[in-house]
Amino acid sequence: MLHVQIDRVNSDAERSEIEAFFTSHIHDVNRFPLMARAIDPLKGFPSYILTVRDAVGLIGALHAGAAAEQIWAYVSHGLPASEVSQGIRDHAMIYSLAVREDCRRKGVARTLVKELLTQLQGFKRLYGVTEPESPRFTGRAASACFRLAQRFS
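Every letter in the sequence shown is one number past the one before it in our numbering, and letter 141, counting from 1, is 230.
Here you go:
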């Protein structure tokens, strides 16, 4: 089992560094970007930004939170903020998950997802979307995440 220190971060400087990490490791133009807090459409809703570092820098990072599509649907229908906050507890989404190439296949992604699951109090479901060119994730890592998520639900 991999033993690493996982940090939950949220400053704009950290968000910028992590977004650059995601951009360099995830090649999907449809990926939901991690934004500065002032312009983040998820501002005010549960958000999880988890990182693992070594002496070189970021080893891996994960961005998850309330499902943006669900938030936008509630808001567009004019629901009060209290009902939106209650309704979004149904689903959490992994927006980005990346591991530095020299650290892959060592359990980093699994460890990040496992930590996320411990922090997702009150959410009922966790899901994510991968780019079509992610056969490794959709195979081995996705099944590991699915097994962890089954214990979560």
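Just so it is clear, CB atoms sit at the ideal spot from N, CA and C, and this is done for glycine as well.
Just so it is clear, the structure is predicted and the values come from calculations on it, not from any experiment.
Item	Value
Rounded separation between Ala125 and Thr112 - CA only	15 Å
The beta strand (DSSP E) enclosing Ala102, as first and last residue numbers	That residue, Ala102, is in no beta strand (DSSP E); its alpha helix (DSSP H) goes 101–114.
Burial state of Ile148, where buried means 16 or more other Cβ atoms lie within 10 Å	buried
Outcome for Arg194 when other beta-carbon atoms lying within 10 angstroms are tallied against a minimum of 16	exposed
N-terminal and C-terminal residue of the alpha helix (DSSP H) that Val202 is part of	197–208
Test item: CB-CB of Ile138 and Arg97 under 9 Å	yes
Proximity below 9 Å, CB of Leu215 to CB of Met182	yes
Supposed contact pair Phe121 and Tyr163 - C-beta distance, whole angstroms, cut 8 Å	About 17 Å; that fails the 8 Å criterion.
CA nearest to the CA of Gln210, picked from Leu201, Gly154, Glu106	Gly154
Reduced DSSP secondary structure (H/G/I, E/B, other) of Val98	coil
Given Ser174 as reference, the closest of Val188, Gln159, Asp101, Ala187 once Cα atoms are compared	Gln159
Secondary structure, beta strand (DSSP E): runs of 3+ residues fully inside the stretch 129–182	136–142, 147–155
Enclosing beta strand (DSSP E) for Leu215 [first to last residue]	214–217
Buried versus exposed, by CB contacts within 10 Å (16 or more), Ala144	exposed
Pick from Asp129, Phe110, Pro135, Ala157 that is closest to Gln208, judged by C-alpha positions	Pro135
Nearest-angstrom Cβ-Cβ length linking Val141 and Val202, presumed shorter than 8 Å	So it is not a contact: roughly 12 Å between Cβ atoms.
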